[in-house]
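Just add 430 to the spot in the sequence shown (first one is 1) and you have the numbering used here. C-beta atoms are modelled at their ideal positions from N, C-alpha and C, and glycine is treated no differently. Here the structure is laid out as structure tokens; the discussion comes afterwards.
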Amino acid sequence: AWRWNLDYVVDPLGNATSYYWGKETNYYTQGLKTGENGKPYTRGGYLKRIEYGLREGAAHGTPPAARIVFDTAERCMGKLTDCSAGALTDANAADWPDVPWDRNCKADSKCPGQNSPTFWTRKQLTKITTQVRSGAT
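Here is the structure:
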């Protein structure tokens with residue numbers, strides 16, 4: 431399972447449920463090695479979808495009988511017209527008011543003061559869609 435989240439559950443009758451996650455990466459100074467680039471770790475994640483009505487051993491590659499899809503967006507709440515994932519910078523971090531951007535460290539860079547992993551997300555849940563398969567589609 432990814433970090434502590436479930437990815438596959440089977441009940442005593444062989445019915446299976448699959449969970450699919452999005453992953454967010456950050457970097458930190460491992461072992462106080464300030465002369466080295468930060469080490470990657472998974473700082474956050476979010477549920478993307480759940481698939482039901484599967485059977486043990488045949489869950490992947492088989493269309494599910496039902497599915498729940500979770501839509502997410504950036505936690506941008508400011509005046510920006512571009513709230514895409516790549517738009518967040520040090521200069522506009524205030525438009526993500528509940529994201530601890532001071533704990534962010536970029537890839538291929540030193541991470542002064544980032545001596546341990548921190549866990550947070552830039553995503554917010556925007557929509558939940560339930561779907562039921564009809565026939566073969």
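| query | result |
| --- | --- |
| Would you check if the stretch 460-470 and the stretch 480-490 touch, i.e. whether three or more CB-CB distances between them fall below 8 Å? | no |
| With three or more C-beta pairs closer than 8 Å as the rule, is the stretch 504-523 touching the stretch 545-563? | yes |
| Would residue 435 be called buried (16 or more neighbouring beta carbons within 10 Å of its own) or exposed? | exposed |
| Please report how far the alpha carbon of residue 569 lies from the alpha carbon of residue 448, in whole angstroms. | For residue 569 there is no data in the structure shown, the boundaries of the chain being 431 and 567. |
| Rounded to whole angstroms, what is the Cα-Cα separation between residue 578 and residue 561? | The chain is shown only over 431 to 567; residue 578 falls outside these bounds and no answer can be derived. |
| Just to confirm, are residue 544 and residue 468 a CB contact at a threshold of 8 Å? | yes |
| Return the CA-CA distance between residue 431 and residue 480, expressed in angstroms with no decimal places. | Because the pLDDT of residue 431 is 41, which lies under 50, any placement of that residue in the model is unreliable, and the number read from its coordinates should be weighed accordingly. Going by the C-alpha atoms only, they are around 14 Å apart. |
| Measuring straight from C-alpha to C-alpha, what distance separates residue 440 and residue 524? | 43 Å |
| Using only alpha-carbon positions, find the residue among 446, 493, 514 and 472 that is nearest to residue 534. | 472 |
| May I have the straight-line CA-CA distance separating residue 520 from residue 531, to the nearest angstrom? | 8 Å |
| What's the call for residue 442, buried or exposed, on a 16-neighbour Cβ count within 10 Å? | exposed |
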